[in-house]
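Please read the structure below before turning to the comments.
Next up, the structure:
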């Protein structure tokens, strides 16, 4: 039994040995497979690391090629200071000078008003610092600034950076009448144009232009109505030193100063029309000496009317003939009043005439004394109310008002609107100024004698006669027979 047990045990041990050998072989195979897989993964990772390293090297090479050596990128961009408002105004004025259709006169006024604008808001103010408070300050100063400020002799700081404080401190305490609503709005108009342009061109995020308005109450309370001279005032004007026997001290006796006011009163012509008269403007038509107004190249712009007897008696035809006999050349028109010069770059005779004739505000001379300028002031003619205005243009008002209300001797009725329109032109200001309805005034046919050679001679004479009768029938309330150019010439010699 013992021997049998040993044999069985031996067999069991042999089976175990075989099993363990077989299992060992299996494990070795699994280990080998695992090792091979690990080797493959390791090799793959090595290749990936090499590829990553290669790409990094390539990246550095590309960056070095794009960014030069020794080039550094700043940590933060430097912020440039905002341009000054005065530089913006210079740009705007340069744009206006080349791109706008404004006249030279308007451009000069714009420059003047914008210089005042920058003086008030601050000469060194930057565009980015402009705010509603600056516009409010400008508006406040303009509502307190005296009328004719530039002519009153105020000493502004020569350093323009100090002027904003000067205006802020001084204007509210300055004496004199304040700028009218129309005057304020005229200044605001130029500032509004600047601000709107600045916003359109993205210099400003907001233009503030709606802040620059004048109340209707201020406009109405300060609006002055232009009126004719009274008969006493006309008498003072046309018996003053120009039409008397003695010259005024330091007077510059120029012929046009005698003729221009007289022509305006007796014909209703505008100052620029009178200043532009040439020797070709006086013509003899169908037995009447006439004045022709307008460019000869444009028939539509020409009108004719007879010269009133008061001007002929004063010596206008003799003056014309004398000038014509001494004309230097016929190649270009010779002006009737050559000594009447244009002022500045405005190309307006009205500026020169207005400066000579109109009563200017009180001025302070270099001695600190108050003086008055203008022919009106020198002969004592001033408005008798604060709400009215008298100027050279008032002579035209005298003429038209008298023409509308004077009855003709032949008909017992005032001259027809057609006759008046042929003399004074077709301006619509008569509808507003003299109470004539616009429709009534517009319906009147303006006979400017276009192609007058085609009209029957009797009709030409009839029209000229009607105008001559209306002109000679006017009574201005003083003796025009005493007004004489020969007297003026004798006066000049004293």
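Residue numbers (the UniProt record's numbering): 1 to 494.
Cβ atoms here follow ideal geometry from the backbone N, Cα and C, with glycine treated the same way.
These numbers were taken from a predicted model, which means no experiment stands behind them.
query                                                                                                                                                                      : result
Look up residue 288 in the DSSP assignment and say whether it is helix, strand or coil.                                                                                    : strand
Runs of 4 residues minimum, wholly inside the segment 399-428: which ones carry the alpha helix (DSSP H) assignment?                                                       : 417-424
Under the rule that 16 or more other beta-carbon atoms within 10 Å means buried, what is residue 232, buried or exposed?                                                   : exposed
With a threshold of 8 Å on Cβ separation, who are the neighbours of residue 474 within its own chain once the five nearest residues in sequence on each side are excluded? : 266, 308, 399, 402, 403, 406
Secondary structure at residue 304, three-state DSSP: helix, strand or coil?                                                                                               : strand
Can you tell me whether residue 486 is helix, strand or coil according to DSSP?                                                                                            : helix
Would you mind stating whether residue 306 and residue 408 have Cβ atoms separated by less than 9 Å?                                                                       : no
Using 8 Å as the Cβ pair cut-off and three pairs as the minimum, do the segment 236-245 and the segment 475-484 touch?                                                     : yes
In the structure shown, what three-state DSSP assignment does residue 348 receive?                                                                                         : coil
At the level of alpha carbons, what is the spacing between residue 249 and residue 491?                                                                                    : 12 Å
Determine which residues share a DSSP beta bridge with residue 146 and list them.                                                                                          : 178
Quick check on this structure: which residue in 393, 337, 383 has the alpha carbon closest to the alpha carbon of residue 355?                                             : 393
Here's the rule I'm using: 16 or more other beta-carbon atoms within 10 Å means buried, otherwise exposed. How should residue 18 be labelled?                              : exposed
Measuring CB atoms only, is the segment 151-166 touching the segment 117-133, in the sense that at least three cross pairs come out at less than 8 Å?                      : yes
Closer than 6 Å by C-beta to residue 293: which residues in its own chain qualify, once you throw out the five before and the five after it? Chain order, please.          : 273, 303
With which residues is residue 84 paired in a DSSP beta bridge?                                                                                                            : 126
Are the Cβ atoms of residue 389 and residue 224 separated by less than 9 Å?                                                                                                : yes
Where does residue 341 land, buried or exposed, given buried means 16+ other C-beta within 10 angstroms?                                                                   : exposed
Between the alpha carbons of residue 468 and residue 357, how many angstroms are there, rounded?                                                                           : 28 Å
Less than 9 Å separating the beta-carbons of residue 386 and residue 374?                                                                                                  : no
Under 9 Å, do residue 291 and residue 269 count as touching if we go by C-beta distance?                                                                                   : yes
Would you kindly work out how many angstroms separate the C-alpha atoms of residue 94 and residue 194, rounded to a whole number?                                          : 12 Å
Looking at the unbroken alpha helix (DSSP H) that takes in residue 478, where does it start and where does it end?                                                         : Counting along the chain, residue 478 falls outside any alpha helix (DSSP H), and DSSP gives it neither H nor E.
Beta-carbon within less than 7 Å of residue 312's beta-carbon, same chain only, minus the 5 sequence neighbours each way: which residues are those?                        : 289
Would you mind working out which of 489, 130, 262, 9 sits nearest residue 83, comparing C-alpha positions?                                                                 : 130
Within the continuous alpha helix (DSSP H) that includes residue 314, where are the two ends?                                                                              : 309-314
Is the segment 168-184 touching the segment 210-222 in the sense that three or more CB pairs, one from each, lie closer than 8 Å?                                          : yes
Return the CA-CA distance between residue 254 and residue 320, expressed in angstroms with no decimal places.                                                              : 15 Å
Buried or exposed: which applies to residue 76, given that a residue is buried once 16 or more other Cβ atoms fall within 10 Å of its Cβ?                                  : With a pLDDT of 48 at residue 76, under the threshold of 50, the modelled position of this residue cannot be trusted; read the value that follows with caution. The residue in question, residue 76, is exposed, as its Cβ has fewer than 16 Cβ neighbours within 10 Å.
So, are the CB atoms of residue 97 and residue 186 less than 9 Å apart?                                                                                                    : no
Would you kindly work out how many angstroms separate the C-alpha atoms of residue 419 and residue 155, rounded to a whole number?                                         : 53 Å
State the start and end residues of the unbroken alpha helix (DSSP H) segment that holds residue 496.                                                                      : Absent from the structure is residue 496, since the part of the chain shown begins at 1 and ends at 494.
Specify, as a first and last residue, the run of the alpha helix (DSSP H) that residue 252 falls within.                                                                   : Note, residue 252: premise wrong, no alpha helix (DSSP H); not H, not E.
Name the residue from 196, 212, 214, 142 whose alpha carbon lies nearest to the alpha carbon of residue 206.                                                               : 196
Quick one: grab the DSSP three-state call for residue 10.                                                                                                                  : helix
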